[in-house]
Every structure is written in structure tokens, then in C-alpha cells.
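Working notes, structure below.
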Amino acid sequence: SQTIHQWPATLVQPVGSPLSLECTVEGTSNPNLYWYRQAAGRGLQLLFYSVGIGQISSEVPQNLSASRPQDRQFILSSKKLLLSDSGFYLCAWSDPFGITEAFFGQGTRLTVV
Amino acid sequence: QKEVEQDPGPLSVPEGAIVSLNCTYSNSAFQYFMWYRQYSRKGPELLMYTYSSGNKEDGRFTAQVDKSSKYISLFIRDSQPSDSATYLCASYLWGSNYKLTFGKGTLLTVNP
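The listed protein sequences correspond, in order, to chains A and B.
This note's numbering numbers the first residue of the first sequence as 194 and each following residue consecutively.
This note's numbering numbers the first residue of the second sequence as 52 and each following residue consecutively.
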């Protein structure tokens, strides 16, 4: 069966510090991968999605970047965090070949102080 | 205009009540419609999805889509305290690499 791992669950970082959040998927090949951010009162916002290794599409201009170094690994990064980067970050995957659900990780709650 | 609009609530009901959660969408090209449930501090999980217009039932949950009015509904019968969560509607355009467009979510509390 497929599983998605996302860590850490909680993170407190000072303004100006770097960020690296990692997501890995098991039990499937060539998944579509996604990073969402969920801010209070603003719903789920798609940040990046990837349909293959090294292929990253950005949905929203921001202080963040994403990389997919391996088929089932998706990384969200920032060189210098801003206060506005605080939020709940969710990784998700979907099967690219059919109409199936998007499976979400458990999320990382990031607080920038 | 947001592509998917959802009343954030909060909505509080007694146990056993019928709950109606609703969304509207603006993009008439959307073809697939989903409802996700999200417990506090957890990732969303898919409850149901429907294609085009019509109803879909799964146990106590019924999803309904009316494409003519661009209206999405989720009904929960015999609501339970364990149903207390945030419910997110989402729409999807075929061929868009599964880029879901979410509503803001409705916080539901079912009181025992």
C-alpha cells in the first residue's frame, strides 16, 4: 500500500533562517507531487507541483522553492524565512494515470518568529 | 471572485442532526468535485468525489453536484461527534495534473 511521510510535524524558525521540509512517498511510482500551504482563514493554497524528477511548476510567487531529486521525494525550501511564511504545509501525491484521490501527508506546522 | 467559495462557519449541531455543507464554484469547466475531511492538526483525507452532476452516497454521507447552478453539497445523516472536523470542498479540471482548487473549509462541531 502507498504511504506518504512528511516531517517534521512542528517547526519553529527565526526570521531569516533557511528551511527544508521533506516529503517521501512509498508504494507507487512516478506520482504527481504537490506542496500546499494552509493559512488560517485562507484555505489550501497550491504552492508547487511536480509531474516528474526535476520538473517543478510554481503556482504562487513567493519566498519558497521546491525540488524533486528523486521520483518519490519532494523538498520545500527557503533561503531566508519571512514571518509571512508561517503556516501549515502539506505534501500530497496523486496517481498521474487515473482519476484518483490526492493523498495528503500529516503536515508541518511552521512558525516563523 | 474565488473559484471555489465555501462558508467557513463554524457550524455547530447536536448529535443525530442532518448536516448540510455547501460550496459554489465559478469555473464551469470543472468536472470533478471532492469533499475532504480534515481533523485538527492533520492532513485532509478524501471523503467522496463525484464526476459532473448528480448524487453519490456512501453510508451516512451524500455528495451532490448541480452543474447548472455550480453548487456542491455534502449531507451528513445521523451526525456523530466523530464527524467534528473541517470539511473542504474541492474542484478539479481533467488534464490539469490534478491541481485541486479548494474552498476555505467549514468547521463542523457535532455536540453529544
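We put the CB at the ideal spot given by N, CA and C, even for glycine.
Would A:Q231 and A:F281 be called neighbours here (beta carbons separated by less than 8 Å)? yes
Assign A:L276 to one of three DSSP states: helix, strand, or coil. helix
Contact set between the region 279–299 of chain A and chain B, restricted to residues whose Cβ is under 9 Å from the partner: F281, L283, C284, A285, S287, D288, P289, I292, T293, E294, A295, F296, F297, G298, Q299
CB-CB under 6 Å to A:P289, same chain, minus the five flanking residues each way: which ones, in chain order? N225
Please report the straight-line C-alpha distance between A:V218 and A:R265, rounded to a whole angstrom. 5 Å
Let's see if you can read the secondary structure: which residues bound the beta strand (DSSP E) around B:P65? Taken as a continuous stretch (DSSP letters only), the beta strand (DSSP E) holding B:P65 covers 62–65.
For chain A, find out if any of its Cβ atoms is closer than 8 Å to the Cβ of B:G105; answer yes or no. It does not; no Cβ of chain A falls within 8 Å.
Using a Cβ-Cβ cut-off of 7 Å (strictly less than) and excluding sequence neighbours within five positions of B:D117, which residues of its own chain qualify? Closer than 7 Å at Cβ, skipping near neighbours: S104.
Taking Cβ-Cβ distances below 9 Å as the criterion, which residues of the region 209–240 of chain A are in contact with chain B? N225, Y227, Y229, Q231, G234, R235, G236, L237, Q238, L239
Start-to-end residues for the beta strand (DSSP E) that takes in B:N162: 157–162
By Cβ distance, which residues of its chain are closer than 8 Å to A:Q206, with the 5 residues on each side in sequence left out? For A:Q206, where only same-chain residues beyond five positions count, the Cβ hits under 8 Å are L212, L274, L303, T304, V305, V306.
With three or more C-beta pairs closer than 8 Å as the rule, is the region 68–77 of chain B touching the region 127–141 of chain B? yes
Closer than 8 Å, Cβ to any Cβ of chain A: which residues of the region 116–139 of chain B, in chain order? Taking 8 Å as the Cβ-Cβ cut-off against chain A, the residues of the region 116–139 of chain B that qualify are L139.
Residue from A:F267, A:V253, A:P262 with nearest C-alpha to A:I197: Checking every option, the nearest Cα to that of A:I197 belongs to A:F267.
Who are the near neighbours of B:F81 in its chain, counting only those whose CB is closer than 7 Å to its CB and skipping five residues on each side? S142, Y143, L144
C-alpha gap between B:V70 and B:L158, whole angstroms: Near 12 Å, if we compare the C-alpha coordinates of B:L158 and B:V70.
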